[in-house]
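Counting from 4, one number per residue, gives the positions in the sequence shown under our numbering.
Don't be surprised by glycine CBs; every beta carbon is placed ideally from N, CA and C.
Because the structure is a prediction, the values reported are computed rather than measured.
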Amino acid sequence: MRRLVTALAAIGLLLPAQAAMADDAPTTTRTYTTSDEVFANPERGFYHHTETHYKADNTGYVPLDVTTLRNFRTQENITQILRVFYLEKFASRDVIDKQYLDLVRADFRTARAAGVKVIVRFAYALPGAGWPPPTPYGDAPVARVLKHIQQLTPVLRQNADVIELVQSGFVGLWGEGYYTDHFSNPQDPSQVSDQNWADRKAVVMALLRALPKDRMIQVRTPYMKQRMLGVPTGTEGALSEDQAYDGSPVARVGHHNDCFLASPDDFGTYLSDPIELNKDFVAQDTNYVPEGGETCAVNSPRSDWESASAEMARLHFSFLNTDYNKDVLNTWGDNLTVAKQKLGYRFALTQSTVTTRRGKVEVNLQLRNDGWAAPYNPRQVQLIFQNEKHTFKVNVPADPRRWGAGTATTLNWKVAAPGVPGKYRVLLNLPDPLLSTRPEYSIRLANTGTWQPSTGYNDLGQIVTIG
């Protein structure tokens with residue numbers, strides 16, 4: 004064998020393992036400059052509200068427009084939309100038309116082409132004239148809802164790659180679970196019987212079954228999660244680190260607050276006594292499940308920036324409606340830029356150290372999460388070795404969902420060196436597992452001079468020489 008290697012070396016060839024061992028490079032350490040730029044990153048930040056309808060005569064459906072969605076991303080750095088699919092025609096019918104299902108599928112194709120993600124909600128009814136809204140409200144009974152979820156299941160599963168999450172929907176006006184003909188007393192929606200709660204839970208469980216196990220849903224109030232899944236309020240009832248991402252219902256149900264900051268209890272969002280118990284529950288729970296929503300009404304000083312930002316940080320807000328309520332958002336002034344930076348995750352490298360030794364590349368990374376939340380959907384983590392001729396990808400063990408808000412993380416990996424001799428740049432890739440060839444769905448780090456938009460890689464500014 005020694006003679007064979009000697010002969011190969013004499014004619015300019017080395018076996019890959021020998022090439023990697025031939026030239027150990029010194030250890031290099033680099034520090035990074037943090038950027039305050041607002042840029043697009045998937046599954047976080049502000050979102051645009053979109054909705055579409057379907058009347059009894061098959062009218063009312065307005066498809067998504069790919070140019071509009073691309074402009075959200077390229078001109079506003081907005082990477083997500085809320086899509087409310089209203090099912091007016093089917094509130095009184097068990098079978099959803101194939102034409103409607105095809106329209107929903109087309110919307111997901113449009114979102115994928117535009118490089119955005121979709122927060123999904125299904126609902127049956129909007130309020131009529133006057134307030135409080137008159138009865139009947141127009142939603143569907145539980146048996147029909149369950150049949151509809153079953154018919155929607157193939158569509159949801161086929162398009163899980165661009166579905167960020169699904170809000171529980173279906174029940175009540177706007178799909179928010181309050182003004183409903185079938186899931187509480189229509190004359191007094193605050194009266195919800197044990198059977199009503201059982202029916203609500205049946206809808207939530209059916210929706211969880213309809214989605215892949217790594218996709219989450221959101222419910223409108225923390226009490227809905229507590230009552231339906233049998234957990235107490237306060238910190239003790241919320242998810243622990245050990246429970247997180249285990250695929251159980253409690254680990255897959257998050258929160259959306261669509262009257263954020265509007266009153267002391269956010270117009271009935273928080274029902275505990277004292278209110279802080281529910282907020283403690285959400286604050287702990289949202290370390291591992293998503294929180295987002297929209298502001299609802301000016302309510303100074305609570306809706307002012309100082310209070311709003313403190314609460315978004317405490318409750319780990321990942322997203323917020325940019326379209327509503329403008330009166331509230333306008334009071335934040337220039338602080339809207341801070342919200343654009345802080346909503347969701349914001350990872351920034353602080354230092355890297357790279358060593359090449361005995362055919363292995365050792366990489367140490369230190370990074371911070373300067374955002375208000377962590378990612379809540381799975382992410383791959385890859386080291387990339389790149390030169391003009393070759394790109395090698397190496398999957399490494401790490402879970403960005405565990406890189407919590409306001410925390411620092413140290414990562415250490417030892418991987419095999421590229422098998423082809425040469426000089427390689429070392430990069431970090433955080434792709435979406437279902438969209439790994441689409442750079443717009445990869446996570447960009449908040450550093451200057453590191454982002455490769457054409458690949459979705461983050462350049463560590465490190466060079467290794469192999470062979």
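Distance between VAL429 and ARG223, taken at the CA atoms: about 44 Å.
By DSSP's assignment, TYR460 forms a beta bridge with ASN432, GLN455.
Across the set LEU104, PHE42, GLU46, the C-alpha of LEU104 shows the shortest separation from the C-alpha of THR55.
In the structure shown, GLN161 adopts helical secondary structure according to DSSP, grouped into three states. Beta-bridge analysis with DSSP links PHE75 to no other residue.
Distance from the CA of HIS185 to the CA of PRO144, rounded to the nearest whole angstrom, comes to 5 Å.
Residue environment: TRP375 is assigned as buried (16 or more neighbouring CB atoms within 10 Å of its CB, all protein chains considered).
Within the same chain, LEU214, PRO215, ARG218, LEU437 come within 8 Å of ALA163 by CB-CB distance, once the 5 residues on both sides are set aside. DSSP assignment within the region 305-384 yields the following whole beta strand (DSSP E) runs of 3 residues or more, N-terminal first: 320-324, 350-360, 363-372. DSSP places ALA411 in the strand class (E or B) of the three-state scheme. The secondary-structure analysis by DSSP pairs TYR89 across a beta bridge with ALA126. For ILE387, the closest alpha carbon among the candidates VAL357, LYS345, GLU179, ARG371 is that of VAL357. Bridge pairing for THR468: LYS426 [DSSP].
9 Å or more divides the Cβ of VAL206 from the Cβ of VAL234. The beta carbons of TRP406 and LEU448 sit no closer together than 9 Å. In the three-state reduction of the DSSP assignment, VAL195 falls in the coil class, being assigned neither a helical nor a strand state. Counted as a single uninterrupted DSSP element, the alpha helix (DSSP H) harbouring ARG230 occupies residues 225-232. When only Cα atoms are considered, PRO381 and ASP402 end up about 8 Å apart. For the beta strand (DSSP E) assignment, the uninterrupted runs of no fewer than 3 residues enclosed by the region 105-155 are, from N- to C-terminal side, 120-126. Shown here for PHE49: same chain residues with a beta carbon closer than 6 Å to its own, the five before and five after excluded, namely ILE81, LEU323, THR325 in chain order. Residue pairing by DSSP places GLY295 opposite HIS259, PHE322 in a beta bridge.
Contact between the region 57-76 and the region 340-360 is absent, with fewer than three C-beta pairs closer than 8 Å. Between ASN328 and GLY295, the C-beta gap is not smaller than 9 Å, which leaves the two residues out of contact. Closest option to PRO424, judged by alpha-carbon separation, among ALA241, SER457, THR468, THR394: THR468.
Residue burial is scored here from C-beta neighbours: VAL98 has fewer than 16 other C-beta atoms within 10 angstroms and is therefore classed as exposed. Of PRO421, TRP416, VAL399, the smallest CA-CA separation from LYS392 is found for PRO421.
For TYR50, the pairing in a beta bridge is given by DSSP as ASN324. Taking the CA atoms as reference points, GLY240 sits about 11 Å from TYR226. In the DSSP annotation of this structure, the continuous segment of the beta strand (DSSP E) that includes ILE166 starts and ends at 166-170.
Taking C-beta atoms as the reference points, ALA126 and ARG76 fail to come closer than 9 Å. The region 34-41 makes no contact with the region 66-76, as fewer than three CB pairs between them are under 8 Å. Across the structure, GLY464 and ALA128 are spaced so that their CA atoms are roughly 54 Å apart.
Rounded to whole angstroms, the gap between the alpha carbons of ASN199 and GLY347 is 34 Å. Distance from the CA of CYS262 to the CA of VAL331, rounded to the nearest whole angstrom, comes to 11 Å. VAL87 sits close to GLY172, with the two beta carbons spaced by under 9 Å. Our two residues, VAL301 and ALA265, have alpha carbons roughly 6 Å apart in a direct line.
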